[in-house]
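Per my numbering, the sequence shown starts with residue 364, numbered consecutively.
Don't be surprised by glycine CBs; every beta carbon is placed ideally from N, CA and C.
Just below is one structure, and these are the notes that go with it.
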Amino acid sequence: MKRREFITLLGGAAAWPLAARAQQPGMPVIGFLASYSASADAAAQNVAAFRQGLSEAGYVEGRNVMIEYRYGEGNYDRLPELAAELVRRQVNVLVAGGGSGLVAKAATTTIPIVTAIGGDPVLSGHVASLNRPGGNLTGVALFAYSLGPKRLEVLRDLIPNAKLTVVLANPANIQALSDTRDVEAAARAAGQHIAVLTATTERDFEPVFATMAQQRADALLVMADPYFNNRREQLLAVKVELVINLKTAKTLGLTFPITLLGRADEVIE
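Okay, structure coming up:
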């Protein structure tokens with residue numbers, strides 16, 4: 364399989380195993396495995412997009428294809444058993460989203476797997492190489508996790524005088540932790556002081572913010588992670604505002620770039 368064939372659209376990738384098996388008796392079954400909660404808005408949005416992609420490929424749920432849904436509800440530890448359930452169900456293809464690609468790969472070497480990978484699929488162990496992925500896994504590589512150092516740079520431009528930046532990572536996510544190491548290297552190179560804090564459940568959020576307050580952190584960088592994405596409301600409930608007092612700044616002999624003024628929540632003349 365060539366690189367161009369590996370990095371393909373989800374809808375198109377989902378279609379090829381179904382087309383190959385459409386002649387078999389009975390309706391084909393797709394196993395849908397994801398780490399996020401079934402009640403989260405993001406889950407509903409992703410499922411709607413998935414169904415739309417299937418529809419464009421000629422497959423409508425309940426009409427000519429069935430879908431078995433399994434959600435980890437934000438708990439990565441639940442995913443192996445959920446994947447095993449879908450394998451025992453003998454689904455025709457396994458769609459692994461929300462950071463469950465490696466779990467699906469560990470569960471079966473025969474059922475075709477379609478996944479969306481946030482980082483480098485080779486470094487994360489999803490495939491052997493981009494030129495020759497091999498195995499039974501295909502999908503989309505977004506390389507979003509590699510943007511961590513760039514996001515830190517943007518945060519540094521936004522708050523150049525920050526003495527401490529906290530980086531929040533999910534230790535259950537291998538890709539996020541790999542990107543955290545890249546962020547740490549970028550911070551060292553720039554002489555920026557950061558502290559890495561971790562959270563795997565909502566119970567961890569309050570201690571994280573308590574630690575931030577104790578250490579007087581000036582900024583927070585949340586690493587890319589499906590669990591964090593689906594907990595945006597909780598993470599944003601601790602609101603941080605950027606207020607610039609131009610009168611005080613003038614007294615201190617400070618000037619601010621127009622880009623920073625444009626990002627401020629409030630500018631005091």
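Leaving aside the five residues that flank residue 479 on each side, the residues in its chain whose CB is nearer than 7 Å to its CB run, in chain order, 373, 460, 502, 503 and 505. Secondary structure at residue 621: helix, using DSSP grouped into helix, strand and coil. In this structure, the straight-line span from the alpha carbon of residue 611 to that of residue 553 is close to 28 Å. The three-state secondary structure of residue 522, taken from DSSP, is coil.
For the pair of segments examined, the region 416 to 424 was found not to touch the region 494 to 501: the number of CB pairs separated by less than 8 Å stays below three. Assigned with DSSP and collapsed to three states, residue 554 falls in coil, not helix or strand.
Among the bridge pairs identified by DSSP, residue 433 is matched with 396. A contact between stretches requires three or more CB pairs, one per stretch, nearer than 8 Å, and the region 586 to 601 fails this requirement with the region 612 to 625. Its chain contains 450 as the residues whose beta carbon lies nearer than 6 Å to that of residue 471, once the 5 sequence neighbours on both sides are disregarded; these appear in chain order.
Leaving aside the five residues that flank residue 490 on each side, the residues in its chain whose CB is nearer than 6 Å to its CB run, in chain order, 484 and 496.
Per DSSP, the unbroken alpha helix (DSSP H) holding residue 592 starts and ends at 589 to 592. Boundaries of the beta strand (DSSP E) harbouring residue 532: 528 to 532, taken from the DSSP string. For residue 528, the number of other beta carbons within 10 angstroms of its own is at least 16, and it is reported as buried. About 7 Å separates the beta carbon of residue 406 from that of residue 397, a gap short enough to meet the 8 Å contact definition. Residue state for residue 425 is assigned as coil, using DSSP reduced to three classes. Remark: C-beta atoms of residue 606 and residue 576 do not approach each other more closely than 8 Å. The continuous stretches of alpha helix (DSSP H) do not include residue 486, and DSSP gives it neither H nor E.
Taken through DSSP and simplified to helix, strand or coil, residue 445 comes out as helix. Between the alpha carbons of residue 474 and residue 581 lies a gap of roughly 48 Å.
One Cα belongs to residue 426, the other to residue 468, and the distance between them is close to 28 Å.
In the assembly as shown, residue 394 is a buried residue. Its beta-carbon has 16 or more other beta-carbons within 10 Å. Per DSSP, reduced to three states, the secondary structure at residue 491 is coil, with no helix or strand assignment. Restricting attention to 391, 558 and 408, the CA atom closest to the CA of residue 457 is found in 391. In this structure, DSSP gives residue 629 an extended state, which the three-state scheme calls strand. The three-state reading of DSSP puts residue 479 in strand, counting E and B together.
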